[in-house]
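Reading through the structure tokens given below for one structure.
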Amino acid sequence: MDWELYHGTELSKKASILKNGFTMPGNTKWPGDLGRGVYTFLDNDKYEQSAENAAKMYAKKYRRYSENCIIKIEIPDVDESRVWNLNDQEELDKLVEAKKALREVIDKRVAQLEKDNVGTSVANRHNIDGILLDVYWEYADLSSLADYLVKDRWEDIESYETNSHGGQIPNSTVVVIKNSGVIKTTQLNEIMIS
């Protein structure tokens, strides 16, 4: 299976990404809802927006204080055994069950991140899903088993004019690249946003 993934980012980061590849977020920043990694969109015919349009919409809304671009990532022959598919109910059930056992670790991580990220919009939102996913990733040693996380989910990509604050019905397929070593810079291409 071949993937074409689309990542919306700031134009100022483009040259570094195209030359050196992606830098993974550090542990002192509050993670996104699906944990640390490079967030991308993957085409899925059941959704209204293409992956490219979803990335454009995301970049225009959430990187709105700078010029933006889309980075297209072509990954040939994706090894499906290296994909952590959170659309699989069994995988989701394991995660929910582990949350109970990992509660103390999660709470400590949340407390530290709150101190490190006072006043940031992501900390104010206080969504701990990404923290749970990161802690579980470490606990289950998934880095030795998977390079990607895949989840059909709701993203605020419906309209340029309106900001929505959450939805439960998925409208996109998000792939989080957890191991940036799987991406070669020759697989990256810029797509400008008009």
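In my numbering, the protein residues as written are 855 to 1048. C-beta atoms are modelled at their ideal positions from N, C-alpha and C, and glycine is treated no differently. Keep in mind that this is a model prediction, so the values were computed, not measured.
Whether W884 touches G984 by CB criterion (9 Å)
yes
Whose C-alpha, out of M878, K868 and K926, is nearest the C-alpha of N907?
K926
Measuring only the C-alpha atoms, how far is S1048 from L888?
Here the model assigns S1048 a pLDDT of 49, short of 50, so the residue's position is not dependable and the matter cannot be decided.
Count the other C-beta atoms from every protein chain shown that fall within 10 angstroms of the C-beta of R1050, then say buried if there are 16 or more, exposed otherwise.
The structure shown does not extend to residue 1050, since the chain is modelled only from 855 through 1048, so no value can be given for it.
Cutting at 6 Å between CB atoms, please list the residues of its own chain near N898, excluding the five before and the five after it.
T1027
Bridge partners of R1007, per DSSP?
S1026
What's the gap between the Cα of Y993 and the Cα of V959?
10 Å
Taking only three categories from DSSP, how would you classify E902?
Of the three classes helix, strand and coil, the one that applies to E902 here is coil, per DSSP.
Measuring CA to CA, which of N874, I871, G886 and L865 is closest to R979?
G886
Checking 9 Å against the spacing of the C-beta atoms, do E858 and N1025 come in under that value?
no
Residues bridged to T863 by DSSP?
C923
Once DSSP output is grouped into helix, strand and coil, what is the label at I1051?
Coverage of the chain is limited to positions 855 through 1048, which leaves residue 1051 absent and any answer about it impossible.
Within the 9 Å Cβ cut-off, does P879 reach chain C?
Protein chain content of the structure displayed is limited to a single chain, and chain C is not contained in it.
Buried or exposed by the 16-neighbour rule on C-beta atoms within 10 Å, applied to M911:
Classification of M911: buried, given that the 10 Å Cβ count is 16 or more.
Three-state secondary structure assigned by DSSP to N978:
If DSSP states are grouped into helix, strand and coil, N978 belongs with the helices.
DSSP-derived helix/strand/coil call for L946:
helix
If I measure Cβ to Cβ from E854 and keep anything under 6 Å in the same chain, skipping five residues before and after, which residues do I get?
The structure shown does not extend to residue 854, since the chain spans only 855 to 1048, so no value can be given for it.
For N971, which residues of its own chain have a beta-carbon under 6 Å away from its beta-carbon, when the five flanking residues on both sides are left out?
W884 and A977
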